[in-house]
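The structure appears below as structure tokens.
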Amino acid sequence: MIRLAAIFLLCFAVGFIGGQISAAEPENVLISRDTDLNGILESYHLVNKQLTVWEGRQMIWQTPAEWEIERILLADADNDGVDELLMVLWKHGSFGDVRPFWQSADRAYSCHLFMYRLQAGRMRAVWCSSAIDPPIADISAITDNAQQVSLEIKERSTFPYPATRSTWQWQDWGFARVDA
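Position one of the sequence shown corresponds to residue 108 (the working numbering), numbered consecutively onward.
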């Protein structure tokens with residue numbers, strides 16, 4: 108029993124240290140890391156599909172109530188030496204406040220990948236995707252021999268197609284598939 112508990116704790120710690128969130132039931136997730144490099148740990152709490160970010164006892168950011176956060180990941184996704192917050196989320200509308208002129212109705216419920224960065228105590232959007240289809244089921248960060256971070260994406264299966272995995276890397280302004 109003690110051996111099983113030790114293995115669980117080791118797996119639990121490795122998942123948090125690496126910033127990876129397991130695909131298994133991510134309802135209550137806590138990750139602590141100094142993402143703005145100010146010497147103070149921030150705590151990222153994902154509870155009931157809502158994310159709050161705390162620095163000490165002060166909440167510094169929370170996701171809008173209308174977003175449903177499925178997964179979070181802290182990783183240096185754009186390879187600039189600073190960790191970003193990546194969120195797989197569901198929301199209504201593909202484009203946000205600014206949309207193409209040919210789009211009049213934009214209320215479909217869809218999956219998105221958003222990348223945010225904590226700077227000077229404020230959470231700032233770095234990059235936000237439009238609707239993703241097929242939706243993302245899981246996301247993790249992998250580092251190659253050159254210390255470049257890529258995202259491994261597992262898509263949800265959609266009948267009659269099975270789930271697939273793909274690898275993506277930041278390229279100037281957005282992610283490009285690198286395993287195709």
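Each residue gets a CB set at the ideal place from its N, CA and C atoms; glycine is no exception.
Note that the structure is predicted; figures quoted are calculated from it, not measured.
Residue range of the beta strand (DSSP E) that L158 falls in? Q157 to E162
Which residue marks the beginning of the beta strand (DSSP E) containing R178, and which one marks its end? E175 to A182
In whole angstroms, give me the CA-to-CA distance for A317 and E262. Residue 317 lies beyond the stretch modelled for the chain, which goes from 108 to 287, so this question has no answer here.
In the structure shown, what three-state DSSP assignment does F266 receive? coil
If we call anything under 8 Å between Cβ atoms a contact, is H219 one with A238? The Cβ atoms of H219 and A238 sit closer than 8 Å to each other.
Residues in its own chain within less than 7 Å of T170 by CB, not counting five upstream and five downstream? Q157, L158 and I176
List the whole-angstrom C-beta distance separating D183 from V256, where the pair is believed to meet the contact cut-off of C-beta under 8 Å. 5 Å
Residue burial classification, M222 (beta-carbon count within 10 angstroms, cutoff 16): buried
On the DSSP bridge assignment, give the partners of N135 in chain order. V154
Cα separation between I167 and M230? C-alpha separation (whole angstroms): 8 Å.
Rounded to whole angstroms, what's the CA-CA distance from G200 to S217? Just pull it up for me. 7 Å
Could you name each continuous beta strand (DSSP E) segment of 3 residues or more that falls completely within the segment 230-262, going from the start of the chain to the end? 243-250 and 256-262
Measure the beta-carbon distance from T274 to E259 and round it to whole angstroms, keeping in mind my assumption that it falls under 8 Å. About 6 Å separates the Cβ atoms of T274 and E259, confirming a contact at the 8 Å cut-off.
Helix, strand or coil at V195 according to DSSP, with G and I counted as helix: strand
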